[in-house]
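*Asks:* My questions will all concern the structure given below.
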Amino acid sequence: MPHELPKAYEPGAIEGWWAEYWKQEKLFHVATPPAGVVRNAFSLLLPPPNVTGRLHMGHMLNQTEMDIIMRWHRMKGDLALWLPGTDHAGIATQMMVERQLRREGKSREQLGREAFIERVWDWKRQYGGAILEQMERLGASVDWDRLYFTLDDHLSRAVREVFVRLHEQGLVYRGKYIVNWCPDCGTAISDLEVKHEDVPGKLYEIRYPVVGSKEFITVATTRPETMLGDTAVAVNAKDERYTHLHGKKVILPLMNREIPIITDELANPEFGTGAVKVTPAHDSNDFQAGLRHNLPQIDVMDERAHMNQNAGRYAGLDRVQARERVVADLEAQGFLVAIKEYTIVLGKCDRSGTIVEPRLSAQWFVKVEPLAKRTIEVVEKGYIRFTPENYRQIFLNWMYNIHDWCISRQLWWGHRIPAWRCGDCQEVMVARQAPEGCGKCGGARLEQDKDVLDTWFSSALLPFTALGWPEASRDLEVFYPTSLLITGFDILFFWVARMIMMGCWFMMPPEKPVRSDTKPEGREEALRKSVPFREVYIHALVRDAERQKMSKTKGNVLDPLEVIKKYGTDATRFTLAAMAAPGTDIAFNPSRTEGYRNFANKIWNAARFLFLNRDRLGDAAGAPPPVSPTAKGIPGFDAQTLEDRWIVSRFNEAAGYMNEALETYRFHEAASRIYDFFWGELCDWYLELIKPRLAGEDGGDTSSAQVAYKNLVLLFEASLRLLHPVMPFITEEIWQVIYDGRLPLKSIALAHYPQADDRQIDLKAETQMAVLQDLIVSVRNLRAELKVEPKQKVPVQILASEPDIRMMIQGNHVALERLANVEGIEFVESSLAKLPGARHTARFDVHLVYERKIDVGAERKRLMKELERFNKAIASAESQLGNENFLAKAPPNVVEDLRKSLGEHQVLREKAQRKLEELQ
RNA sequence: GGGCGGUUAGCUCAGCUGGUUAGAGCGCCUGCCUUACAAGCAGGAGGCCGCAGGUUCGAGUCCUGCACUGCCCACCA
């Protein structure tokens, strides 16, 4: 063989090479078409991985799905843009570099802001490309020439532009509120970054002495240490138990401060004693109540959740120690009434796991209500479609209850908030560029806000900023709205929701007052075009083989690169695709991957078989001509034999099926269909059936072998194209060898995706082939049962009453002889069903002429079981066909099929019965 | 407290809009190195489709309830 392909497929040997080839040749780069040129655009934004990221199974699933869709669209001839980038990932990156500093015995404070940021950039330059290299290794067909980083200049400019515009519109505001504060990260975080957890805890009941009386009022709290900052006790106005205390004051124990008793809805008479302590600086409900009653806000903790000066002698203690001391002191002084077991809800920081502290602090917020309103509108109107559909409602439910979004972070790494404070008059100015001087007092001592923006603020803008906004770019015209978003549900709210809010806000032309001459469709059309993507496909989580969530602590994390190393990228991709049924989690089981590695090997060896024949038949056989982008089916396939007509029909059916499955994101169906076609149909049957022709053993001349070979190459090449989106590497490798240096295109990735051609669908051939397969399997089965020596050829007798079938068998006797190891076929007229060495179907009886006695017991058992099955089927069919309602209401084809099936089962039952009698 | 999903062969999972005898991979049993492939080939065994009702001519598929299980959301001390 000139092409010394190794006997077993070695993915490691070729994958890296092709990945690099694709990138070097810029095969996936999309040049923006000039104005006036219209091509069917398909655009998709890669959810930008964190620069600190390392590829995990979730990424790989996500990218496999995206790559399949992108390669498919590209091959269909669409202008397919897959836009890659990485995210600066504020907290994650900052923490990583801080850890590094700590190992060097330094801190970020020692370095100072500028030096620290420079240090992070250094880190990014050195290591930030790792995840991209891993993506490249997966074969991700992204447009590498459009790679962005969320801190790039133009993206930063866009972020400032958005911030300023929102501020001008009153949708960004600054204020002092209770926010979620992570003492570990030292920053505010958004509601979404807090994970709630039910844990066993305690409910402390504390009594506060009422001023000017011997009475006490008892309050319940889960956080006794915050009492140091109490500024009132609330009771419900309707609660008659406390009517006599309205307007009175209590002494706050330990602090000896007088605080008022107020009446407020905050106090629920049903709960505990009905009285509640009010700590406006440490609880958001209390904060609201505090505003209603003009209560002072006493913050008793610092940014690390240690008690501060306001906590008196508890200052310096952390919150846990403080609680112990406060409780002990309360008990010692007789204020502690009871400690009860109680399940409390703890909010933990998503990133650090630290218990979140509700903290009073000045932050920037987005007023989301107007944005949410429009988001709800586009989703309700179906301008953005969700797959699976149930995510639509989940999304909307969340959207209906959305709260304002805290967007400032007390970090250094990120987009700095474009706001400046005047050192003289304290005026705060929001501007695109640093102002020259204070707009109010003219002072020159301006200082920029120290905070940066939530990372999700900038990623929310990517669908339009990555395409050039705020410039009115040609890219935006061509590629916005993007066609699709593929992502996991874990960032549905973090990212998807915010992209829709921002996209529909900034890509929607300002609404003008309605005039009589403006058509209402105008707004709808604009709204439709404002969405960041027209469809969202949400995929599930990748779990381990035991359905457990993969986590480092459990140690069950499967590294995709390890799996790839062992089985190859194609096999790993195929596993994920095959498991990716929409809406269900994926239990990743490497045994499946092993199976798909075997599939790759199967294809490899089928290719070796192809090349073996090419070498034998000589170059005259040739390579297939390039397939036109508008072609359907397999042009030029010269179907002369039953197996030809059958395989080309099956191919077209598979092509139709693949396209339909990919259209609806049913990756698993696409995967299993191509698997079945390639292995179960092409390799198991077609290749075996054409071997005699290829070898010239069919009695034909060499031209018959050449036709067979040409058909095989055409079929094989087309099948590679069909498979390519799922298994890009092996298909590219074999495809290139098929063309052997005379490539019509640089890559199979640019070739045409097969489309079904109805004219190549041949149902008659499929039916005949099914009978032939049945016949061959029956003989094989008999051989096994009669324990015929594997190499011994055996004569068979066949009863086939339909002339069509008889002719078909005669015409394909070589197939039967070869595949079932038969020598001598005799057609008979009388039924063979009762003979022991016989099998029967509705279409034929076949008898193996062989001496060996069969195992009567086993045969009877088998027949009894078969009979039972037939009887059941017949009974059910008869009862249905006897039912007038069924005949009247069921569709005609169902009735017809059932009649046919009944007839066949009756024949089968009769044959089985006769044979059983014979065995008695 | 609210919402969503899962329960199908020994294991891991398919089964789209209800329609002939419920499928696959792995594992298991039997026999084969048949010159593309032992990572293979051929044959085979294995299923009250979680439980109980209901709708329908017809239910693994739709509805209700229950059981078990996983997840998301939630400012009541």
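Residue numbers for the first sequence follow the working numbering, so the first one is 157 and each next one is one higher. Every residue, glycine too, gets a C-beta built ideally from N, C-alpha and C.
(1) Based on DSSP bridge pairs, tell me the residues matched to residue 593.
(2) Can you give me the C-alpha to C-alpha distance between residue 698 and residue 221, rounded to a whole angstrom?
(3) Is the separation between the beta-carbon of residue 918 and that of residue 804 shorter than 9 Å?
(4) Can you confirm whether the segment 528-538 touches the segment 350-360 when touching is taken to mean that 3 or more C-beta pairs between the two stretches lie within less than 8 Å?
(5) Assign residue 793 to one of two classes, buried (16 or more other C-beta atoms within 10 Å of its C-beta) or exposed (fewer than that).
(6) Which stretch, first to last residue, makes up the beta strand (DSSP E) that contains residue 246?
(7) My parser needs the beta strand (DSSP E) runs of 3 or more residues fully inside the segment 901-963; what are they?
(8) According to DSSP, which residues form a beta bridge with residue 1003?
(9) Going by the CB atoms, is the gap between residue 658 and residue 688 shorter than 9 Å?
(10) Judging by CA-CA distance, which residue of 165, 217, 209, 183 is the nearest neighbour of residue 741?
(11) Thinking C-beta only, is residue 694 closer than 9 Å to residue 542?
(12) Residues bridged to residue 505 by DSSP?
(13) Note down the Cα distance separating residue 377 from residue 432, rounded to an integer number of angstroms.
(14) Closest by CA to residue 315, which one among 933, 592, 571?
(15) Under three-state DSSP, which class holds residue 517?
(16) So the candidates are 1061, 343, 838; which of them puts its Cα closest to the Cα of residue 251?
(17) With a floor of 4 residues, list each alpha helix (DSSP H) that falls wholly inside the segment 844-894, ordered by position along the chain.
(18) Using a Cβ-Cβ cut-off of 8 Å (strictly less than) and excluding sequence neighbours within five positions of residue 265, which residues of its own chain qualify?
(19) To which residues of the same chain is residue 496 closer than 6 Å at the C-beta, ignoring the five residues directly before and after it?
(20) Between residue 953 and residue 982, which are expected to be in contact by the criterion C-beta below 8 Å, what is the C-beta distance as a whole number of angstroms?
(21) Could you please give the first and the last residue of the uninterrupted alpha helix (DSSP H) stretch that includes residue 585?
(22) Could you tell me whether the segment 315-331 touches the segment 433-440, using the rule of 3 or more Cβ pairs below 8 Å?
(23) Does the distance from the C-beta atom of residue 634 to that of residue 1054 stay below 9 Å?
(24) Just to check my reading of the structure: residue 534 and residue 640 have Cβ atoms closer than 8 Å, yes? What is that Cβ distance to the nearest angstrom?
(25) Applying the 10 Å Cβ sphere with the 16-neighbour rule, what's the burial state of residue 608?
(26) When you compare each of 341, 863, 878, 411 to residue 491 by their alpha carbons, which one comes out closest?
(27) My output table needs one value for residue 418: the three-state DSSP class, helix, strand or coil.
(28) Using CA coordinates, which residue listed in 589, 494, 868, 296 is at the minimum distance from residue 225?
(29) Are residue 456 and residue 510 touching if we call contact CB-CB under 9 Å?
(30) In the DSSP assignment, find the unbroken alpha helix (DSSP H) run with residue 695 in it and report its ends.
(31) Return the chain-ordered list of same chain residues with a C-beta closer than 7 Å to the C-beta of residue 753, the five sequence neighbours on each side being excluded.
(32) In its own chain, which residues sit with a C-beta less than 7 Å from the C-beta of residue 454, not counting the 5 before and 5 after it?
(33) Which value, in whole angstroms, describes the spacing of the CA atoms of residue 1139 and residue 928?
(34) When the Cα atoms are used, what is the spatial distance from residue 838 to residue 965?
(35) If I measure Cβ to Cβ from residue 213 and keep anything under 7 Å in the same chain, skipping five residues before and after, which residues do I get?
(36) Got a sec, what are the start and stop residues for the beta strand (DSSP E) residue 640 sits in?
*Replies:* Working from what's here:
(1) As a working mapping, residue 593 is identified with position 437 in the first sequence. Within the DSSP secondary-structure output, residue 593 pairs in no beta bridge.
(2) Reading the first sequence from its first residue, position 542 is the one you call residue 698. Reading the first sequence from its first residue, position 65 is the one you call residue 221. When the Cα atoms are used, residue 698 and residue 221 turn out to be separated by approximately 13 Å.
(3) For this step, residue 918 is matched to residue 762 along the first sequence. For this step, residue 804 is matched to residue 648 along the first sequence. Going by C-beta atoms, residue 918 is nearer than 9 Å to residue 804.
(4) Taking a cut-off of 8 Å for Cβ pairs, the segment 350-360 and the segment 528-538 do not touch, as fewer than three such pairs fall below it.
(5) Reading the first sequence from its first residue, position 637 is the one you call residue 793. Counting Cβ neighbours within 10 Å, residue 793 comes out buried, since at least 16 surround it.
(6) On the first sequence, position 90 is the one that residue 246 refers to. Note, residue 246: premise wrong, no beta strand (DSSP E); alpha helix (DSSP H) at 246-259.
(7) If we require 3 residues or more, the beta strand (DSSP E) runs fully inside the segment 901-963 come out as 950-955.
(8) Looking up residue 1003 in the first sequence gives position 847. Beta-bridge pairing links residue 1003 to 953, 994.
(9) Translated into the one-based positions of the first sequence, residue 688 becomes position 532. Translated into the one-based positions of the first sequence, residue 658 becomes position 502. Their beta carbons are under 9 Å apart, which means residue 688 touches residue 658 by this criterion.
(10) In the first sequence, counting from the first residue as 1, residue 741 sits at position 585. Nearest of 165, 217, 209, 183 to residue 741, Cα basis: 217.
(11) Walking along the first sequence from the start, residue 542 turns up at place 386. Walking along the first sequence from the start, residue 694 turns up at place 538. Yes, the Cβ-Cβ distance between residue 542 and residue 694 is below 9 Å.
(12) In the first sequence, counting from the first residue as 1, residue 505 sits at position 349. Note: residue 505 sits in a beta bridge opposite 350.
(13) As a working note, residue 377 is residue 221 in the first sequence. As a working note, residue 432 is residue 276 in the first sequence. One Cα belongs to residue 377, the other to residue 432, and the distance between them is close to 8 Å.
(14) What you label residue 315 is simply residue 159 of the first sequence in a count that begins at 1. Across the set 933, 592, 571, the C-alpha of 571 shows the shortest separation from the C-alpha of residue 315.
(15) The residue labelled residue 517 in the question sits at position 361 within the first sequence. Residue 517: strand per DSSP, three-state reduction.
(16) Position 95 of the first sequence, counted from the first residue, corresponds to residue 251. Comparing Cα-Cα distances from residue 251 to each of 1061, 343, 838, the minimum goes to 343.
(17) Counting only runs of 4 or more, we get 844-850, 858-879.
(18) Along the first sequence, read from residue 1 onward, the residue named residue 265 stands at position 109. So the list is empty, once near-sequence residues are dropped.
(19) Counted from its first residue, the first sequence places residue 496 at position 340. Apart from the 5 residues on each side of it in sequence, residue 496 sits with its Cβ closer than 6 Å to the Cβ of 359 in its chain, given in chain order.
(20) Within the first sequence, numbered from 1, the residue matching residue 953 stands at position 797. Within the first sequence, numbered from 1, the residue matching residue 982 stands at position 826. That pair is a contact at about 5 Å.
(21) The sequence position of residue 585 within the first sequence is 429, counting from 1. Not the alpha helix (DSSP H): residue 585 falls in the beta strand (DSSP E), residues 584-586.
(22) Output reads no: the segment 433-440 does not touch the segment 315-331.
(23) Taking the first sequence and counting its residues from 1, one reaches residue 634 at position 478. Taking the first sequence and counting its residues from 1, one reaches residue 1054 at position 898. Between residue 634 and residue 1054, the C-beta spacing is not below 9 Å.
(24) As a first step, residue 534 must be located in the first sequence, where it is residue number 378. As a first step, residue 640 must be located in the first sequence, where it is residue number 484. At roughly 15 Å, the Cβ-Cβ gap does not stay under 8 Å, so residue 534 and residue 640 are not in contact.
(25) Walking along the first sequence from the start, residue 608 turns up at place 452. It counts as buried.
(26) The sequence position of residue 491 within the first sequence is 335, counting from 1. Residue 491 has its Cα closest to that of 411, out of 341, 863, 878, 411.
(27) Start at 1 with the first residue of the first sequence, and residue 418 comes out as number 262. Three-state DSSP puts residue 418 in a strand.
(28) Locating residue 225 in the first sequence gives position 69, where the first residue counts as 1. Taking residue 225 as reference, the option from 589, 494, 868, 296 with the minimal CA-CA separation is 296.
(29) Start at 1 with the first residue of the first sequence, and residue 456 comes out as number 300. Start at 1 with the first residue of the first sequence, and residue 510 comes out as number 354. Going by beta carbons, residue 456 and residue 510 fall outside the 9 Å limit.
(30) The residue you call residue 695 lines up with position 539 of the first sequence. No alpha helix (DSSP H) contains residue 695, which is instead part of the beta strand (DSSP E) from 689-695.
(31) What you label residue 753 is simply residue 597 of the first sequence in a count that begins at 1. Excluding positions up to five away in sequence, the list reads 723, 724, 727.
(32) Residue numbering aside, residue 454 sits at position 298 when the first sequence is read from its first letter. The residues are 385, 387, 437, 466.
(33) Lying before the first or after the last residue shown, residue 1139 is absent from the chain, which here runs from 157 to 1076.
(34) Taking the first sequence and counting its residues from 1, one reaches residue 838 at position 682. Taking the first sequence and counting its residues from 1, one reaches residue 965 at position 809. Residue 838 and residue 965: Cα-Cα distance of roughly 20 Å.
(35) Position 57 of the first sequence, counted from the first residue, corresponds to residue 213. Correct list, in chain order: 698, 706, 714, 716, 744.
(36) Here residue 640 refers to the residue found at position 484 of the first sequence. Here the beta strand (DSSP E) through residue 640 covers 638-644.
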